[in-house]
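Enquirer:
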């Protein structure tokens, strides 16, 4: 069980948490940051030495003894150039290292959150935090270094100014508090505005991501104009926050523009010193240089603004990192037949129970169908069964062991999933089927594809199993069959089909059901069922209603209840279909949705054996041509 229940309130992220995240990013980039720091130290030393050396050079030229001071000036300038040459790439490397470390950390955390955790924020919001906010946070170590060295340069300039002419130094110090007040007011004003701006950016990214994901629906509905208006609605808030930032910057700029008056005051005092004979002409030049260095703290306004921006970004990144991830188990999974148990399982979201005190025993080796109306809790139960999420209360056990105690690698090897909308990862189609099991050979991949009745579809493609998964011309049903093949190839003790046959035509679903019945005997199968044919063939039917088990038993027994029959009346089969003792194929086309056609226009019925059957099947010539392209 995670430290915090998945359905609990999100943990508040404070500024101190954000600062700790910033410190962590700096530690990750310590090597290039150390090089940049050394370069900045050299540059600061050169900057502080330059006015004195330049003054000595001027006085030397005026006295006719400028040869030695010219070499000193050249050495200081060379040191400054070398520091710049080394420091710039080192600074860029430190920023890249910090940003990369943050993005890897955030990505790894997102992948361990499970289904419940990632629902805290929309996909577009997560993408914005992963890309934009991590970049702002990763740039901060270099910004802090620049700000620190700038302040050291400014302090060193003031000290050197006092040593050169204490009267000019006192004049500087008298006017400096005014500059500090102006800078502080400006930074305080803009700090709160960055959060508003970034939040508006996140909302805009979320809406754009949603629109791109549903682009076909938008075009089919003819609502492009309305969708554009919806996506761009956060622009008003973005514009308001941006304009507020610009106004704050404008007010700050004209105030900061008054600060050169400090320099004029100091130079006036030093000028009188030259006319009085108290200072040499070269010392007047040194006073001007040190005054400029003393005022470099004004230039740190950009750095302080970057600090405010980065702290806001770090807080947003920290909000995601603060989401509790399941604590991985540490024990191996003992041998067992695949019996699944739920004991007092409760899952709550925003005060609404998705599952409420569920107690369920799924026998080992059985085909169990979950039925119920939309929102009854079927998918939640399916996610719990393989620990893709944890319950708020209660326990889930596999062969008597709590899932929370089992090592993740052992659990993933024992539980396989097929989803309603499978995402094909791994590169080509062969890798997509073997995803997570790279050691599998091509024969195992093809056997699983045949069992899911998708081998013939793949072999008709020009590149066969080497077809890139993201460009393969597959229908929704064919995509689901590939997802089934990915689950079947694992030969797990528990296989969970989360609405994984919803896009299949009746004939293909009957073939897949036959695989579940005969080709996977001995393996426990948990199927979310919407069709009477699937429920009729199950060993056990679990009827969920409003997060609770309303009834369980065989399909024939439950069919006597009119409310149970009503579950199938408007979906996948007629209400009077009866318990359907016949083979699923006897149900006919009326029992399914529109036929799922192959891209060539013909219905793909698959063919060939299931996983446990003999080799063979498929179209003539497939056995010879398709393996060569696997």
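In UniProt numbering, the protein residues as written are 1 to 630. Idealized CB from N, CA, C, for every residue including glycine. Because the structure is a prediction, the values reported are computed rather than measured.
#1: Would a C-beta distance cut-off of 9 Å place residue 233 and residue 145 closer than the cut-off?
#2: State buried or exposed for residue 171, treating a residue as buried only when at least 16 other CB atoms are found within 10 Å of its CB.
#3: With a cut-off of 8 Å, do at least 3 Cβ pairs link the stretch 319-331 to the stretch 504-517?
#4: Taking the alpha helix (DSSP H) that residue 156 belongs to, which residues open and close that run?
#5: Are the CB atoms of residue 536 and residue 555 nearer to each other than 9 Å?
#6: Give me the Cα-Cα distance between residue 261 and residue 152, rounded to the nearest whole angstrom.
#7: Look at the alpha carbon of residue 390 and the alpha carbon of residue 348, and state the distance between them as a whole number of angstroms.
#8: DSSP three-state call for residue 505: helix, strand or coil?
#9: Report the residue ranges of all alpha helix (DSSP H) runs contained in full by the stretch 387-420; include only those spanning at least 4 residues, in chain order.
#10: Out of curiosity, what's the CA-to-CA distance linking residue 541 and residue 553?
#11: I need the straight-line Cα distance from residue 426 to residue 485, nearest angstrom please.
#12: With a threshold of 16 other CB atoms inside 10 Å of the CB of residue 163, please say whether the residue is buried or exposed.
#13: Under 9 Å, do residue 482 and residue 416 count as touching if we go by C-beta distance?
#14: Does the stretch 38-56 come close enough to the stretch 72-83 that 3 or more CB-CB pairs lie under 8 Å?
#15: If you measure from the beta carbon of residue 267 to each beta carbon in chain C, is any gap under 9 Å?
#16: If you draw a straight line from the C-alpha of residue 371 to the C-alpha of residue 394, how long is it?
#17: Whole angstroms is fine: what's the gap from residue 17's alpha carbon to residue 464's?
#18: Is residue 201 closer than 9 Å to residue 312 when the C-beta atoms are compared?
#19: Classify residue 104 as buried or exposed, calling it buried when 16 or more other Cβ atoms lie within 10 Å of its own Cβ.
#20: Could you pull out every residue in the same chain whose Cβ sits closer than 7 Å to the Cβ of residue 113, ignoring the five residues on either side in sequence?
#21: Roughly how many angstroms lie between the CA atoms of residue 246 and residue 452, to the nearest whole one?
#22: Suppose you measure from the CA of residue 414 to the CA of residue 469; what does that come to, to the nearest Å?
#23: Any contact between the stretch 327-339 and the stretch 400-407? By contact I mean 3 or more CB pairs, one from each, below 8 Å.
#24: With a threshold of 16 other CB atoms inside 10 Å of the CB of residue 387, please say whether the residue is buried or exposed.
#25: When we look at the beta-carbon of residue 181 and count the other beta-carbons within 10 Å, is it buried (16 or more) or exposed?
#26: Where does residue 99 fall in DSSP's three states?
#27: Leaving out the 5 sequence neighbours to the left and right, which residues in its chain are closer than 6 Å to residue 354 when beta-carbon positions are compared?
#28: Measure the alpha-carbon distance for residue 91 versus residue 126 and round it to whole angstroms.
#29: Which same chain residues, not among the five before or five after residue 282, have their C-beta less than 6 Å away from its C-beta?
#30: Taking buried to mean at least 16 other C-beta atoms within 10 Å of its own C-beta, is residue 430 buried or exposed?
Expert: Let me spell this out:
#1: With a cutoff of 9 Å on beta-carbon distance, residue 233 and residue 145 are scored as not near each other.
#2: Residue 171 comes out buried.
#3: Output reads no: the stretch 504-517 does not touch the stretch 319-331.
#4: Annotation for residue 156: the continuous alpha helix (DSSP H) segment containing it runs 140-164.
#5: A contact, by the Cβ cut-off of 9 Å.
#6: A direct Cα-Cα distance of roughly 22 Å separates residue 261 from residue 152.
#7: Spanning the two alpha carbons is a distance of roughly 11 Å.
#8: In the structure shown, residue 505 sits in coil (DSSP, three-state: anything other than H, G, I, E or B).
#9: Runs of the alpha helix (DSSP H) inside the stretch 387-420: 408-414.
#10: Linking residue 541 to residue 553 through their CA atoms gives a straight-line distance of about 5 Å.
#11: Approximately 14 Å, taken between the alpha carbons.
#12: Under this definition residue 163 is an exposed residue.
#13: In terms of Cβ geometry, residue 482 and residue 416 do not form a close pair [threshold 9 Å].
#14: Touching, yes.
#15: As a matter of chain content, chain C is missing from the structure shown, which is built from one protein chain.
#16: So the alpha carbons of these two residues sit roughly 22 Å apart.
#17: Annotation: residue 17 to residue 464 spans about 51 Å, alpha carbon to alpha carbon.
#18: The answer is no: Cβ separation not under 9 Å.
#19: Around the beta-carbon of residue 104, fewer than 16 other beta-carbon atoms lie within 10 Å, marking it exposed.
#20: 323, 325, listed in sequence order.
#21: Between the alpha carbons of residue 246 and residue 452 lies a distance of about 59 Å.
#22: Cα to Cα, the separation comes out at about 26 Å.
#23: A contact is defined here as three or more CB-CB pairs under 8 Å, and the stretch 327-339 meets this definition with respect to the stretch 400-407.
#24: In this structure residue 387 is buried. Its beta-carbon is surrounded by 16 or more other beta-carbon atoms within 10 angstroms.
#25: Classification for residue 181: exposed.
#26: Correct three-state label for residue 99: helix.
#27: Listed in chain order, the non-local C-beta contacts of residue 354 below 6 Å within the same chain comprise 347, 377, 380, 547, local neighbours out to five positions each way being set aside.
#28: When rounded, the distance between both Cα atoms is 27 Å.
#29: Answer for residue 282: 55, 58, 59, listed in chain order.
#30: Its Cβ being crowded by 16 or more others within 10 Å, residue 430 is buried.
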